[in-house]
Each structure stands twice: as structure tokens, then as C-alpha cells.
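Comments concern the structure below.
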Amino acid sequence: MASTTPSQTVGPYLQIGLAWLDTDTIAPAGVAGERVRIRGRMLDGDAKPIADGLLEIWQADPAGRFDNPAFRGFGRVPTKSDGTFAFTTIRPGRIGSQAPHLLVGVFARGLLKRAVTRMYFPGDATHDSDPLLSLVEPARRATLVARPAGDGSLEWNIVLQGPHETVFFDL
């Protein structure tokens, strides 16, 4: 009798498809909206950098719409050898009752499927009324909210495991 195939990780030679040419720009110059630079690190459970990770970002425009021919609202951002990533975009608007956020798919060695999370913008008064964010334990919400950095950018780290693990959603 045949048995099921054991699960496998993607292995040590993971290479995510074709390179995305404008990896640090989700909102090119000329797109209307408040420009924001977001930077951070992707870390494993031991706080070691993930050098070959990939973030796939989806977002609405400043009016909360995805259907905008002037703004694609999508980008792919790889991590560097030290686990860092950075990109420039525009601040999205609310989508219905949802606070402004970026939807982020995380790809990394050892993940068979993408991990899905969100990045919320700091200081937004609509966090308390966001239907998804309100389901997250208050102590863990900080993993979803970027922090202002001293240079005017926002900092947001993604931790894949451990006590400081970023909240991921089962989609």
C-alpha cells in the first residue's frame, strides 16, 4: 500500500522567480498621495536575518481603491544579505471600515506557502475600529504597526517565529 509523501521545505536553493526591476518603488514619482519610505528587517525566531526573503505588497490608493489605472498598488521587495528591506510607496486610504494598511505576503526558505500579514500605519485613529486588527490580542498588535524612524521613514520588522513573531493570518 502506498503512503503519503512526506512534507518538504523548499530547500536551501530557493530562488524566487524573475527579478522585479523596481523593487524599492511601489509608488513611482508622479503618483498622487503622501509618499512614505518603509524599511525593516526580516528575522527568524533566533533574531537572525533572512537573506533570501521576499515581500509581496498589495495596497489601495489614497482613496481606498484598488482599481486605479494610475497606481498599480503592487510590488515585490527582496531582502538583502543582512535581512533588510526598504521601499517607497504612498499612504493608502481606508477600505470601508478597515484602517489604512498594506497587505504583505511573506516568502522565505522553509515556508511551503506564503505567510500573510498586514502593516498598519502608526498613530491612525481608525485602528480601534478596524475589524481585523480588533481581533488581534492587544499585546500582539504592535507586531502589525510600523514605528516612526528618526529620519522620517517608518520601520517595521517581520519576525517569522518565536516570542516576538509577527501576527500572520490564515487565508
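Position 40 of the sequence shown, counted from 1, bears residue number 797 in the working numbering, the numbering being contiguous throughout. All C-beta atoms, glycine included, are put in the ideal place defined by N, C-alpha and C.
Reduced DSSP secondary structure (H/G/I, E/B, other) of residue i
i: Arg875; result: strand
i: Arg897; result: helix
i: His858; result: strand
i: Leu890; result: helix
Assigned exposure category for residue i - 16 Cβ within 10 Å defines buried
i: Gln855; result: buried
i: His858; result: buried
i: Ala786; result: exposed
i: Asp809; result: buried
i: Gly797; result: buried
i: Asp927; result: exposed
i: Arg875; result: buried
Spatial neighbours of residue i in its chain, beta-carbon cut-off 7 Å, leaving aside the 5 residues before and after
i: Phe823; result: Ala817 and Gly830
i: Arg792; result: Ala784, Thr845 and Ile847
i: Val902; result: Tyr877 and Pro879
Range of the contiguous beta strand (DSSP E) that encloses residue i
i: Trp815; result: Leu811 to Trp815
i: Pro971; result: In the structure as shown, the chain starts at 758 and stops at 928, and residue 971 therefore has no counterpart that could be examined.
i: Gly802; result: Per DSSP, Gly802 belongs to no beta strand (DSSP E) and is neither H nor E.
i: Ala843; result: Thr841 to Ile847
Other residues of its chain near residue i: CB distance less than 8 Å, five sequence neighbours each side excluded
i: Asp885; result: Ser891
i: Val893; result: Leu901 and Val924
Own chain residues within Cβ distance below 6 Å of residue i, not counting five before or after
i: Val916; result: Leu800, Glu922 and Thr923
i: Thr782; result: Thr845
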